[in-house]
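Report on the following structure.
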DNA sequence: AATCATGTATTTAATTTGAATACAACGTAT
DNA sequence: ATACGTTGTATTCAAATTAAATACATGATT
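Chains as they are written, first to last, in our numbering: chain D, 1 to 148; chain Z, 1001 to 1148.
This is the structure in structure tokens:
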């Protein structure tokens, strides 16, 4: 089991739009870098747009960030692309037997822990911004040039 | 997308074995409380056994905890039932384009964040034990009796 | 020997994912 | 205004995962 790559593709899209801000980031251009098909990109772009992270217009080529990259966290992306529903990262077995002490209490008992775990994960994502990733990528690239 | 219920069922199994320690916890008995079929229970029991959390013997009815419940964390269960592979909670899109600045750096750039997020989640699970859940369930039941 | 439990393999249906195709709606350029 | 390229959206397809279900070999007890 794994969280859909829509999330990491979403990050990829936003970072590339920022680094290509002087160019035109069409769905085909983005798809080339991600190495997938433009339909998937457009689908994800639609989600990012709906969440207010990018601006796109039908018929006009190219997407732009709707906010400064410093104000877009990975958590924003995570929620935008809807990979994990609220409090449903962990699935709980349905209909445990109510005649059993454990069966009738287990869900209420573990749900808070599971929610806390999920929140801890989300908090980490909330502390990293698109700007951080952009900077890191530029930095990594500098190192590569030095080496070569 | 959701993490397999094997995890929460695993917790259910361990808690029930503990609370039924004076009785015999056969796979059929456990299946009754979880409200699923005994095969799934045995499959999960096999994983818990392999991880050294319970003791079961072929042909002999009933499972016992292999450790005191205080020494079994939810993280132990989580790892035992193998719901999420190491560092693979998030899936990353394969083969981004190496000719693109973003494409050739994005994976190395976001992997540490994703790992940190996953570790934060696991840390929360590591801080809760089966004993905690057992105590909580007993407590909840007391309240219910008071109310009724 | 008969019975019951565990352990394991296999099949099935349901769900999700990503890839792919098709096409309507929209804007721009000629 | 016509043609072309782009976005937006619906639909189909194959692959993977999950849980349910069945079957049966292995082991232990009576």
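Even glycine gets a Cβ: it sits at the ideal position worked out from N, Cα and C. What you are looking at is a predicted structure, and each value in this text was computed from that prediction instead of being measured.
*Looking only at DSSP bridge pairs, what is residue 1090 of chain Z linked to?*
Residue 1090 of chain Z has D:3 as its beta-bridge partners, per DSSP.
*So with Cβ pairs under 8 Å, would you call residue 150 of chain D a contact of chain Z?*
Residue 150 of chain D cannot be examined here, being either before or after the span of chain D that is shown, 1 to 148.
*By the criterion of Cβ-Cβ separation under 8 Å, what are the contact partners of residue 100 of chain D in chain Z?*
Under the 8 Å cutoff, chain Z gives 1016, 1032, 1033.
*Closer than 8 Å to chain Z by CB, residue 71 of chain D*: For residue 71 of chain D, no CB of chain Z lies under 8 Å from its own CB, so it is not counted at the interface with that chain.
*Among Z:1103, Z:1119, Z:1079, which one has its Cα closest to the Cα of residue 1053 of chain Z?*
For residue 1053 of chain Z, the closest C-alpha among the options Z:1103, Z:1119, Z:1079 is that of Z:1079.
*the region 97–104 of chain D in contact with the region 1104–1113 of chain Z per 3-pair CB rule at 8 Å*: Segment contact: the region 97–104 of chain D against the region 1104–1113 of chain Z, fewer than three CB-CB distances shorter than 8 Å; contact not assigned.
*With DSSP collapsed to three states, give me the class of residue 1111 of chain Z.*
The answer is helix: DSSP assigns residue 1111 of chain Z an H, G or I state.
*How many whole angstroms separate the CB atoms of residue 81 of chain D and residue 10 of chain D, which I take to be in contact at a CB cut-off of 8 Å?*
Yes, residue 81 of chain D and residue 10 of chain D are in contact; Cβ-Cβ is about 5 Å, under 8 Å.
*N- and C-terminal bounds of the beta strand (DSSP E) containing residue 55 of chain D*: Segment 54–57, the beta strand (DSSP E) holding residue 55 of chain D.
*asked:* Less than 8 Å between the C-beta atoms of residue 74 of chain D and residue 125 of chain D, yes or no?
replied: In contact: residue 74 of chain D and residue 125 of chain D (Cβ atoms closer than 8 Å).
_Using a Cβ-Cβ distance cut-off of 8 Å, determine whether residue 103 of chain D contacts chain Z._
At a cut-off of 8 Å between beta carbons, residue 103 of chain D contacts chain Z.
*asked:* Please report the straight-line C-alpha distance between residue 1033 of chain Z and residue 1067 of chain Z, rounded to a whole angstrom.
replied: Across the structure, residue 1033 of chain Z and residue 1067 of chain Z are spaced so that their CA atoms are roughly 22 Å apart.
_Range of the contiguous beta strand (DSSP E) that encloses residue 1065 of chain Z_ = Run containing residue 1065 of chain Z: 1060–1065, per the beta strand (DSSP E) assignment.
*asked:* Closer than 7 Å to a non-hydrogen atom of the ligand MG - does that hold for the CB of residue 143 of chain D?
replied: Because no ligand of any kind appears in the structure shown, any question about the ligand MG cannot be addressed here.
*Compare the Cα-Cα distances from residue 1016 of chain Z to each of D:105, D:18, D:91 and report the closest residue.*
Closest option to residue 1016 of chain Z, Cα to Cα, is D:105.
_Three-pair Cβ contact test at 8 Å for the region 56–64 of chain D versus the region 16–28 of chain D_ = These segments touch.
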